[in-house]
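Trainee: What follows is a structure written as structure tokens; I'll ask about it next.
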Amino acid sequence: MDLGELAACMGSLPCVITQVSAGLTIGLLLFLVASGLTLIFGVLGLVNFAHGTLYMLGAYFALSAYELTESFLVATLAGTLGVAVFGLLMERTLFRRIYGADVLMQLLVCYAVILIMDDVVKIVWGGDFLKMDMPETFRRPPLLIGGGIVPLFYLVLFGITLAVALLLALGMSRTRFGRTVRAAAVNPAMVASLGVNTSFVFAAVFAVGSGLAGLAGALSAPIRSVVPGAGVSILIESFIVTVIGGMGSIGGALAAALLIGLTRSFGSIGFPLFTEGLMFLMMAAILLVKPSGLAGKHLA
Amino acid sequence: MSGPVSELAVDGLDAAYGTSQVLFGVSFEVGRGETLALMGRNGAGKSTTFKAIAGVLPPRAGRVSLRGDDVAGRKPYRIARCGVAYVPEDRQVFPEHTVEENLEIAQKRGLDGGVGWSVARAFDSFPLLVPLRRRLAGRLSGGEQQMLTIARALMGNPAVLLLDEPSEGLAPLIVAEIGRLIRELRAAGTTIVLAEQNSRFCLAVATRVAVIDKGSIVWSGNVAQFQADPTVQSRYLQV
Numbered sequence: 193m194d195l196g197e198l199a200a201c202m203g204s205l206p207c208v209i210t211q212v213s214a215g216l217t218i219g220l221l222l223f224l225v226a227s228g229l230t231l232i233f234g235v236l237g238l239v240n241f242a243h244g245t246l247y248m249l250g251a252y253f254a255l256s257a258y259e260l261t262e263s264f265l266v267a268t269l270a271g272t273l274g275v276a277v278f279g280l281l282m283e284r285t286l287f288r289r290i291y292g293a294d295v296l297m298q299l300l301v302c303y304a305v306i307l308i309m310d311d312v313v314k315i316v317w318g319g320d321f322l323k324m325d326m327p328e329t330f331r332r333p334p335l336l337i338g339g340g341i342v343p344l345f346y347l348v349l350f351g352i353t354l355a356v357a358l359l360l361a362l363g364m365s366r367t368r369f370g371r372t373v374r375a376a377a378v379n380p381a382m383v384a385s386l387g388v389n390t391s392f393v394f395a396a397v398f399a400v401g402s403g404l405a406g407l408a409g410a411l412s413a414p415i416r417s418v419v420p421g422a423g424v425s426i427l428i429e430s431f432i433v434t435v436i437g438g439m440g441s442i443g444g445a446l447a448a449a450l451l452i453g454l455t456r457s458f459g460s461i462g463f464p465l466f467t468e469g470l471m472f473l474m475m476a477a478i479l480l481v482k483p484s485g486l487a488g489k490h491l492a
Numbered sequence: 009m010s011g012p013v014s015e016l017a018v019d020g021l022d023a024a025y026g027t028s029q030v031l032f033g034v035s036f037e038v039g040r041g042e043t044l045a046l047m048g049r050n051g052a053g054k055s056t057t058f059k060a061i062a063g064v065l066p067p068r069a070g071r072v073s074l075r076g077d078d079v080a081g082r083k084p085y086r087i088a089r090c091g092v093a094y095v096p097e098d099r100q101v102f103p104e105h106t107v108e109e110n111l112e113i114a115q116k117r118g119l120d121g122g123v124g125w126s127v128a129r130a131f132d133s134f135p136l137l138v139p140l141r142r143r144l145a146g147r148l149s150g151g152e153q154q155m156l157t158i159a160r161a162l163m164g165n166p167a168v169l170l171l172d173e174p175s176e177g178l179a180p181l182i183v184a185e186i187g188r189l190i191r192e193l194r195a196a197g198t199t200i201v202l203a204e205q206n207s208r209f210c211l212a213v214a215t216r217v218a219v220i221d222k223g224s225i226v227w228s229g230n231v232a233q234f235q236a237d238p239t240v241q242s243r244y245l246q247v
């Protein structure tokens with residue numbers, strides 16, 4: 193523990209800005225993964241333990257696309273759309289059979305997917321740590337904002353993530369499809385009786401949720417190691433985020449993801465050996481006060 | 009019958025919840041533009057008949073023909089697209105959506121590609137819903153919810169409308185309003201089946217009556233015949 197260091201950082205604006213920008217980066221990537229997780233849970237009743245695998249695949253798809261094209265745009269699209277299509281195939285063949293099933297059954301199926309895909313990734317890309325090169329456009333000295341160090345790529349990441357969050361929120365509340373999705377989450381049988389193919393709606397929701405995880409993976413590829421098993425740690429953090437935010441709530445996921453991101457980034461100064469534990473402590477504290485999470489309506 | 013092919017013909021319909029069978033060979037026909045009152049005691053099989061027709065509870069046996077096309081066993085959304093709109097007894101509005109959003113979600117083309125019903129027309133036909141347009145459906149009274157579910161069903165431009173207990177538990181003013189709507193819809197050529205225990209309401213709006221008891225149709229005829237037959241009423245309808 194190093195509380196003196198933490199106090200010193202809190203007292204210096206440049207250090208606070210540096211840590212906040214790092215924390216927001218962690219938090220927003222987590223939000224992308226957790227929003228898909230919470231969307232799939234909220235609408236389909238599936239606790240998708242394999243969601244981290246989709247994140248990992250997004251990173252690998254982006255990496256390969258970037259090696260082929262040297263284009264950040266193509267890499268991001270490949271990670272997002274590639275994983276959306278992969279998710280769609282998995283949904284049609286596998287996951288749609290376990291909606292609303294016993295959580296143990298869901299865990300079993302998802303765990304099989306995790307293990308199989310980890311091995312597939314090892315066969316295709318090898319087991320070593322890989323890293324996607326920082327795209328040329330963003331390879332510049334970090335910006336100095338108020339004395340704090342903020343890499344340019346972080347700002348790109350903020351922009352993309354916030355735009356996606358906004359689109360998702362507007363899409364769910366303002367479009368007819370989004371309203372139908374929300375209605376189908378509550379009463380799929382009635383929605384079907386109105387002539388809506390709910391199976392199609394569910395597949396689309398799963399594809400969108402997968403695409404969000406793929407996008408997070410793609411955006412993380414230039415700043416984190418790409419490695420088999422990368423899905424597991426992000427999955428655990430995403431679960432913490434969804435539980436803190438309230439299962440099924442996208443707004444709650446955003447708040448919780450930023451909270452976790454900032455906890456990690458400031459925690460790494462004050463409690464360098466206990467950052468992970470700090471997240472769980474925070475989860476426990478919040479659940480003690482509000483068992484359904486920040487924005488949760490009912491216990492999951 | 010109004011024509012050679014009925015709008016809706018149910019033939020030998022069996023349905024069950026798990027191992028307990030509820031319908032035993034239910035058969036009836038409704039011609040285009042007719043309003044059939046399906047009457048029977050609580051538990052006689054009225055709601056189950058509707059669920060089997062709408063595909064919510066896939067029938068074990070029998071045919072459900074829409075203009076001669078057998079749709080029994082198809083998925084509910086496919087049956088809905090064949091022109092059937094089902095208004096369940098417990099209404100099932102989407103409680104977290106506004107009145108207007110409930111209507112929007114249900115919008116679809118009719119069989120003839122018709123888009124006769126729009127949100128605006130629904131509010132014209134249900135003036136009591138107009139001031140509630142932005143209210144969450146979960147906050148409406150029972151009568152308001154009933155009007156909303158009927159309006160929502162009409163948004164899909166159905167050829168056949170199944171109304172389960174539309175007058176149950178509602179204030180007389182609202183019941184009269186719903187009766188007026190049913191007559192309007194009939195005049196516009198919509199085929200309606202309504203399940204009811206309230207025979208006064210039924211006889212005021214229906215053209216024909218079928219009586220269901222213990223999962224089978226035991227009597228059918230027109231309204232005048234029904235009123236002239238006191239034994240059917242005492243035998244199958246009074247408690």
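Line by line, the protein sequences are chains A and B. Per my numbering, the very first residue in the first sequence carries number 193; after that it's consecutive. Per my numbering, the very first residue in the second sequence carries number 9; after that it's consecutive. Heads up, the beta-carbon is just placed ideally off N, CA and C, and yes, glycines get one too.
Use the C-beta contact count for residue 491(A): other C-beta atoms within 10 angstroms, 16 or more gives buried, fewer gives exposed.
Mentor: With a pLDDT of 41 at residue 491(A), under the threshold of 50, the modelled position of this residue cannot be trusted, and the question is left open.
Trainee: With 16 other CB atoms within 10 Å as the buried threshold, where does residue 346(A) fall?
Mentor: Per the 10 Å Cβ criterion, buried.
Trainee: Give me the Cα-Cα distance between residue 294(A) and residue 301(A), rounded to the nearest whole angstrom.
Mentor: Answer to the nearest angstrom: the Cα atoms are 11 Å apart.
Trainee: Compare the Cα-Cα distances from residue 114(B) to each of 265(A), 277(A), 368(A), 237(A) and report the closest residue.
Mentor: The residue with the shortest Cα to Cα distance from residue 114(B) is 368(A).
Trainee: Tell me whether residue 11(B) sits in a helix, a strand or coil according to DSSP, three-state version.
Mentor: Caution applies to residue 11(B), whose pLDDT of 48 falls short of 50 and renders its modelled position unreliable; the value that the coordinates give is listed next. If DSSP states are grouped into helix, strand and coil, residue 11(B) belongs with coil.
Trainee: Would you say residue 491(A) faces chain B, with C-beta separation under 8 Å as the test?
Mentor: Per-residue confidence for residue 491(A) stands at a pLDDT of 41, beneath the threshold of 50, marking its modelled position as unreliable; the derived number appears in the next sentence. It does not; no Cβ of chain B falls within 8 Å.
Trainee: With which residues is residue 230(B) paired in a DSSP beta bridge?
Mentor: DSSP lists 216(B) as partners of residue 230(B).
Trainee: Can you grab the Cα-Cα spacing for the pair residue 89(B) / residue 111(B), in whole Å?
Mentor: Taking the straight line from one Cα to the other gives about 16 Å.
Trainee: Determine the DSSP secondary structure at residue 32(B), reduced to helix, strand or coil.
Mentor: Strand at residue 32(B).
Trainee: Distance check for residue 214(A) and residue 437(A), CA to CA, integer angstroms please.
Mentor: Between residue 437(A) and residue 214(A), the C-alpha separation is close to 21 Å.
Trainee: Quick one: grab the DSSP three-state call for residue 27(B).
Mentor: Residue 27(B) falls in the coil class under three-state DSSP.
Trainee: Between the region 360-389 of chain A and chain B, which residues of the former have a C-beta closer than 8 Å to a C-beta of the latter?
Mentor: Those residues of the region 360-389 of chain A that come within reach of chain B (Cβ to Cβ, closer than 8 Å) are 368, 371, 372, 374, 375, 378, 379, 381, 382, 383, 384, 385, 386, 387, 388, 389.
Trainee: Do residue 220(B) and residue 226(B) have their C-beta atoms within less than 8 Å of each other?
Mentor: Their beta carbons are under 8 Å apart, which means residue 220(B) touches residue 226(B) by this criterion.
Trainee: For residue 322(A), which residues does DSSP report across the bridge?
Mentor: Residue 322(A) pairs with 418(A).
Trainee: Which whole-angstrom value describes the C-beta separation of residue 277(A) and residue 253(A), a residue pair presumed to lie in contact below a C-beta threshold of 8 Å?
Mentor: That pair is no contact at about 10 Å.
Trainee: Name the residue from 441(A), 442(A), 411(A) whose alpha carbon lies nearest to the alpha carbon of residue 326(A).
Mentor: Taking only the C-alpha atoms, the option nearest residue 326(A) is 411(A).
Trainee: Spell out a yes or no on whether the region 474-487 of chain A and the region 26-39 of chain B are touching, meaning 3 or more CB-CB pairs, one atom from each, closer than 8 Å.
Mentor: No, the region 474-487 of chain A is not in contact with the region 26-39 of chain B.
Trainee: For residue 491(A), name the three-state secondary structure that DSSP assigns.
Mentor: Legend: pLDDT at residue 491(A) = 41, less than 50; position of this residue unreliable, value from coordinates given subsequently. Three-state result, residue 491(A): coil.
Trainee: Per DSSP, which residues does residue 78(B) bridge with? Please list them.
Mentor: Looking at the DSSP assignment, residue 78(B) forms a beta bridge with 73(B).
Trainee: Against residue 102(B), what residues of chain C qualify as contacts under a CB-to-CB distance less than 7 Å, listed in chain order?
Mentor: Within the model displayed, chain C is absent; protein chains A and B are what it includes.
Trainee: Tell me, please, which residues DSSP counts as bridged to residue 94(B).
Mentor: Its beta-bridge partners are 170(B).
Trainee: Determine the closest residue to residue 372(A) out of 262(A), 235(A), 452(A), with distance taken between C-alpha atoms.
Mentor: Minimum Cα distance to residue 372(A) is reached at 235(A).
Trainee: Return no unless some Cβ of chain A is closer than 8 Å to the Cβ of residue 66(B).
Mentor: Cβ-Cβ to chain A under 8 Å: no for residue 66(B).
Trainee: Give me whichever residues DSSP pairs with residue 224(B) in a beta bridge.
Mentor: Partner(s): 221(B).
Trainee: How close, in whole Å, do the beta carbons of residue 13(B) and residue 61(B) come, if the pair is a contact with beta carbons under 8 Å?
Mentor: Going by Cβ atoms, the distance from residue 13(B) to residue 61(B) rounds to 17 Å, so no, they are not a contact pair.
Trainee: Under 8 Å: do the region 194-208 of chain A and the region 391-402 of chain A share three or more Cβ pairs, one atom per stretch?
Mentor: Segments in contact, no.
Trainee: Shorter than 7 Å, the distance from the beta carbon of residue 344(A) to the closest heavy atom of the ligand ATP, or not?
Mentor: This structure does not include the ligand ATP; it has no bound ligands of any sort.
Trainee: Comparing the C-beta of residue 116(B) with each C-beta of chain A, is any distance below 8 Å?
Mentor: Yes, residue 116(B) lies at the interface with chain A (some Cβ there is under 8 Å from its Cβ).
Trainee: Need the endpoints of the alpha helix (DSSP H) that residue 475(A) sits in, please.
Mentor: Per DSSP, residue 475(A) belongs to the alpha helix (DSSP H) from 467-481.
Trainee: Quick one: which unbroken alpha helix (DSSP H) runs of 4-plus residues sit fully inside the region 375-412 of chain A? Chain order, please.
Mentor: Complete alpha helix (DSSP H) runs here, min 4: 380-385, 390-412.
Trainee: Report the start-end ranges of each beta strand (DSSP E) in the region 99-139 of chain B that is 3 residues or longer and not cut off at the edges.
Mentor: DSSP runs (the beta strand (DSSP E)) wholly in the region 99-139 of chain B: none.
Trainee: Give me the DSSP bridge partner(s) of residue 5(B).
Mentor: Outside the shown range of chain B (9 to 247) lies residue 5(B), about which nothing can therefore be said.
Trainee: For residue 178(B), report the span of its beta strand (DSSP E) as first-last.
Mentor: From DSSP, residue 178(B) is part of no beta strand (DSSP E); its letter is neither H nor E.
Trainee: CB residue 228(A) to CB residue 376(A), shorter than 8 Å?
Mentor: Their beta carbons are not under 8 Å apart, which means residue 228(A) does not touch residue 376(A) by this criterion.
Trainee: Name the chain A residues whose beta carbon is nearer than 8 Å to that of residue 113(B)?
Mentor: What residue 113(B) touches in chain A: 368, 371, 372, 375, 383, 386, 388.
Trainee: Between the region 36-51 of chain B and the region 186-199 of chain B, are three or more C-beta pairs nearer than 8 Å?
Mentor: The region 36-51 of chain B is in contact with the region 186-199 of chain B.
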